[in-house]
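Under the numbering used here, think of the first position of the first sequence as 3, with each following residue one higher.
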Amino acid sequence: MRLSRMFGKTLRSEPAEAESISHRLMLKAGMVHQVSAGVYSYMPIAWRVLRKIESIIREEMNAAGGQEVKMPVIQPLELWETSGRASAFGDNLFKLQDRRGRPLCLAPTHEEVITQMAVQHIHSYKDMPRMPYQIQTKLRDEPRPRAGLMRVREFDMKDLYSMDVDQAGLDVSYDKMVQAYRNIYRRCGLPALAVEADSGAIGGKDSHEFILIAESGEDQIVQCPGCGFAANMERASGVKSDQPRTGPLPLEEVATPGVKTIKGLAEFVGVPESKTLKAVFYTADGEMVFVVIRGDLEVNDVKLKNLLHATDLRLATDEEVKAAGLVAGSASPIGRGDLKCIADDSIELGDNFVVGANKPDTHLLNANYPRDFRADAITDIAEVEAGQGCTNCGQPLSITRGIEVGHVFKLGTFFSESLGAYYSDQDGRQKPIVMGCYGIGVGRLMAAAMEQNHDEHGIVWPHPIAPYHVHICALSLDRPGVAEAADQLYDSLQAAGIEVLYDDRDESPGVKFNDADLLGIPVRLTVSPRNLKQDAVEITDRSTLEKRMAPLSNAVPEAQSMLSI
RNA sequence: CGGGGUGUAGCGCAGGGGAAGCGCGCAUGGUUUGGGACCAUGAGGUCGCCGGUUCAAAUCCGGCCACCCCGACCA
Numbered sequence: 003m004r005l006s007r008m009f010g011k012t013l014r015s016e017p018a019e020a021e022s023i024s025h026r027l028m029l030k031a032g033m034v035h036q037v038s039a040g041v042y043s044y045m046p047i048a049w050r051v052l053r054k055i056e057s058i059i060r061e062e063m064n065a066a067g068g069q070e071v072k073m074p075v076i077q078p079l080e081l082w083e084t085s086g087r088a089s090a091f092g093d094n095l096f097k098l099q100d101r102r103g104r105p106l107c108l109a110p111t112h113e114e115v116i117t118q119m120a121v122q123h124i125h126s127y128k129d130m131p132r133m134p135y136q137i138q139t140k141l142r143d144e145p146r147p148r149a150g151l152m153r154v155r156e157f158d159m160k161d162l163y164s165m166d167v168d169q170a171g172l173d174v175s176y177d178k179m180v181q182a183y184r185n186i187y188r189r190c191g192l193p194a195l196a197v198e199a200d201s202g203a204i205g206g207k208d209s210h211e212f213i214l215i216a217e218s219g220e221d222q223i224v225q226c227p228g229c230g231f232a233a234n235m236e237r238a239s240g241v242k243s244d245q246p247r248t249g250p251l252p253l254e255e256v257a258t259p260g261v262k263t264i265k266g267l268a269e270f271v272g273v274p275e276s277k278t279l280k281a282v283f284y285t286a287d288g289e290m291v292f293v294v295i296r297g298d299l300e301v302n303d304v305k306l307k308n309l310l311h312a313t314d315l316r317l318a319t320d321e322e323v324k325a326a327g328l329v330a331g332s333a334s335p336i337g338r339g340d341l342k343c344i345a346d347d348s349i350e351l352g353d354n355f356v357v358g359a360n361k362p363d364t365h366l367l368n369a370n371y372p373r374d375f376r377a378d379a380i381t382d383i384a385e386v387e388a389g390q391g392c393t394n395c396g397q398p399l400s401i402t403r404g405i406e407v408g409h410v411f412k413l414g415t416f417f418s419e420s421l422g423a424y425y426s427d428q429d430g431r432q433k434p435i436v437m438g439c440y441g442i443g444v445g446r447l448m449a450a451a452m453e454q455n456h457d458e459h460g461i462v463w464p465h466p467i468a469p470y471h472v473h474i475c476a477l478s479l480d481r482p483g484v485a486e487a488a489d490q491l492y493d494s495l496q497a498a499g500i501e502v503l504y505d506d507r508d509e510s511p512g513v514k515f516n517d518a519d520l521l522g523i524p525v526r527l528t529v530s531p532r533n534l535k536q537d538a539v540e541i542t543d544r545s546t547l548e549k550r551m552a553p554l555s556n557a558v559p560e561a562q563s564m565l566s567i
């Protein structure tokens with residue numbers, strides 16, 4: 003490709019709106035064009051990269067037994083109501099109507115449709131395992147698109163669905179996919195880490211996220227340096243400190259004028275926060291829930307949501323709290339009426355806690371579970387804190403940020419049962435197909451690759467996904483012999499099967515070098531009058547910016563040898 | 001949806017009741033040519049939108065919209 007004919011220009015100044023590295027690099031390099039919030043066009047260079055990533059994904063999916071299909075973006079809303087996920091996705095689901103007023107939606111993912119296909123095309127245990135997949139546009143009306151391609155409303159995703167006769171079969175398919183994913187990340191230059199994950203709106207049991215550790219990431223993950231355990235926040239637990247016990251004492255009311263916070267309460271009474279119990283109020287699908295946790299800990303909303311099997315969970319409003327007869331700041335599990343109560347297991351690690359009295363400016367000393375109050379459930383719903391001990395090995399846990407570049411789920415029989423995808427086993431019995439689903443966001447992978455592979459000058463593409471292999475910088479093209487030599491080099495590189503971006507623009511050397519650094523193509527060949535005097539080209543490795551001279555006649559094999567593709 | 005911010009030329013920004021500006025980029029001509037060159041000339045605007053105040057609004061007032069950032073959600 004001759005740069006003089008490229009649709010798309012690099013910028014000299016960065017658009018002010020861009021904050022994240024990949025977003026800035028993409029805009030500056032002229033790779034993407036924003037159409038609206040979270041909706042982008044891809045310019046030629048980005049599209050080449052995306053196509054390369056897709057090729058890698060296809061190769062790995064096919065090698066693992068996948069078969070490519072393509073499903074529609076437009077789907078009847080009814081299908082989503084049947085599976086129950088219309089409400090699970092809520093406002094994230096784009097909804098529309100056809101001319102007859104029939105409700106439709108734009109697919110945020112494709113479990114429903116693939117399961118429907120399985121109903122017609124899988125009837126016997128002999129028809130499995132199967133692994134159909136597609137690389138296709140997903141639409142999600144995200145509440146907050148952000149960071150360029152990191153989180154968008156329209157994006158391409160590879161989604162594969164496994165169909166097996168039983169759990170053991172699913173385990174095999176799942177492991178194959180995990181391995182295929184590892185291969186994909188390695189080839190894209192991304193050291194992604196598999197972490198245990200929550201299954202979210204997709205539903206399902208076991209689940210792993212593939213995370214690229216990055217400061218700019220929007221996910222937090224918990225890691226143990228000791229045993230290698232890694233999980234996302236809603237899936238991880240830390241060892242909670244056991245508080246010294248003094249033996250149960252009788253309940254005692256104490257006046258606490260003006261005390262509204264745990265910190266204030268602990269100071270007022272003269273105990274550590276870990277000797278208090280905190281009350282938090284949620285509304286889960288319309289029902290008020292009273293949550294108790296030790297004062298030094300925080301509730302993890304997702305853990306609570308999963309425990310309650312709630313689709314909509316939020317903090318209760320002040321009005322709801324009041325209406326439930328609770329006194330904010332002094333609410334108490336003791337005398338809470340018939341409100342559902344969920345407790346974190348930390349309330350058993352110690353005794354004689356300070357709690358609210360459910361009266362203004364009053365608290366109770368020496369509250370003990372279960373002597374003084376009951377809970378409908380007592381389990382771990384606490385947010386992990388860095389430094390807490392690992393529940394496996396005791397080493398202090400660390401919390402780091404990361405980018406989720408893939409997610410795999412063991413769905414089980416949720417979709418096959420709700421949509422009626424059954425097969426006959428060897429004994430002629432009807433059984434639900436056991437499913438898994440496996441997703442990778444292609445654009446996010448590209449963005450993550452940039453986050454991971456760049457320097458202060460620009461992108462440093464991992465070779466297998468670089469938009470081109472070689473960048474020819476031809477300087478002073480109007481000097482005798484330069485254009486001829488550069489053209490010839492361009493032709494012979496292409497003849498050797500190398501993808502070349504040829505900067506044949508009438509621009510100054512500085513502009514060309516800066517654009518070459520920005521675009522990040524692995525090998526740069528500089529053709530100039532100075533170099534041609536020695537019948538040579540200068541070869542620059544983009545990753546190190548090291549330069550060396552090579553005879554012009556040998557440029558093609560030299561460039562080839564530098565590429566690991 | 002809660003909080004914060006920004007909308008003026010393709011990009012980056014200034015201006016803040018009385019003639020629409022600057023830098024970069026773009027076009028033409030000339031001089032340059034190994035790390036974002038220089039000179040000259042020129043083109044390019046619904047000052048986000050609607051309404052109000054005023055003799056006069058990019059500027060003041062009201063409403064709306066869009067986009068960005070922080071949170072809750074996801075590939």
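Note that CB positions come from ideal geometry on N, CA and C, so glycine has one too.
Quick caveat: nothing in here was measured; it's all calculated off a predicted structure.
Per DSSP, the bridge partner or partners of D158 = T139
DSSP beta-bridge partners of M437 = M165 and G414
ask   = Of all the options V256, V301 and L309, which has the alpha carbon lying nearest to the alpha carbon of S332?
value = V256
request  = For the beta strand (DSSP E) containing R446, list its first residue and its last residue.
outcome  = It is not in any beta strand (DSSP E) - R446 instead sits in the alpha helix (DSSP H) that spans V444 to Q454.
ask   = E16 to V41, Cα distance in whole Å?
value = 19 angstroms
Paired residues, beta bridge with N573 - DSSP = Any question about residue 573 goes unanswered here, given that the chain covers just 3 to 567.
query = For A170, does the count of other Cβ atoms within 10 angstroms reach 16, so buried, or fall short, so exposed?
reply = exposed
query = For the candidate residues E548, D489, T285 and S89, whose alpha-carbon lies nearest to that of D320?
reply = T285
query = By the 10 Å Cβ neighbour count, where 16 or more other Cβ atoms means buried, how is M551 classified, buried or exposed?
reply = exposed
message = Just verifying my parser: in three-state terms, what is the DSSP assignment at H210?
response = strand
request  = Within 10 angstroms of the Cβ of S276, are there 16 or more other Cβ atoms? Answer buried if so, exposed if not.
outcome  = buried
inquiry  = Considering only DSSP beta bridges, list what I383 is partnered with.
reply    = I383 pairs with nothing; no bridge assigned.
request  = Would you mind working out which of V472, A423 and V513 sits nearest S563, comparing C-alpha positions?
outcome  = V472
request  = Look at E571 and K324 and say whether their C-beta atoms are less than 9 angstroms apart.
outcome  = The question about residue 571 has no answer here: the residues shown for the chain are numbered 3 through 567.
Distance, N360 Cα to A449 Cα = 51 angstroms
query = Along the chain, which unbroken stretches of the beta strand (DSSP E) at least 3 residues long are found entirely within the segment 35–95?
reply = 41–44 and 76–78
Where T117 falls: helix, strand or coil (DSSP) = helix
key: Residues that H473 bridges to, as DSSP identifies them   = L503 and R526
key: Secondary structure of M179, DSSP reduced to three states   = helix
key: Counterpart residues of C229 in DSSP-defined beta bridges   = DSSP output for C229 lists no bridge partner at all.
T402: CB within 8 angstroms of a non-hydrogen atom of the ligand MG = With respect to the ligand MG, the structure offers nothing, as it holds no ligand at all.
message = When you compare the segment 470–487 with the segment 527–543, are there three or more beta-carbon pairs, one atom per stretch, that lie closer than 8 angstroms?
response = yes
message = Just to confirm, is the Cβ distance from I383 to C190 under 9 angstroms?
response = no
inquiry  = Measuring straight from C-alpha to C-alpha, what distance separates G623 and A88?
reply    = In the structure as shown, the chain starts at 3 and stops at 567, and residue 623 therefore has no counterpart that could be examined.
message = Report the CB separation of I523 from L491 in whole angstroms; it is logged as a contact under 8 angstroms.
response = Going by Cβ atoms, the distance from I523 to L491 rounds to 15 angstroms, so no, they are not a contact pair.
query = Is the CB-CB distance between V224 and A216 below 9 angstroms?
reply = no
ask   = By how many angstroms is the C-alpha of Y183 removed from the C-alpha of I204?
value = Reliability fails at I204, whose pLDDT of 48 lies under 50, so the model's placement of it is uncertain and no value is given.
query = Ordered along the chain, which non-local residues of its own chain (more than five positions away) have a Cβ less than 7 angstroms from that of P227?
reply = Q397 and S400
ask   = Can you tell me the Cα-Cα spacing of L527 and L172, whole angstroms?
value = 50 angstroms
task = Kindly indicate the opening and closing residues of the beta strand (DSSP E) around N360.
result = F355 to K361
query = Looking at C-beta atoms only, is the number of pairs between the segment 405–413 and the segment 98–106 that lie closer than 8 angstroms three or more?
reply = no
ask   = Does DSSP classify V261 as helix, strand or coil?
value = coil
key: Beta-carbon spacing of S426, H125 below 9 angstroms   = yes
inquiry  = Going by DSSP in three states, F9 sits in which element: helix, strand or coil?
reply    = coil
inquiry  = Quick check on the burial criterion: 16 or more other C-beta atoms within 10 angstroms. Buried or exposed for C395?
reply    = exposed
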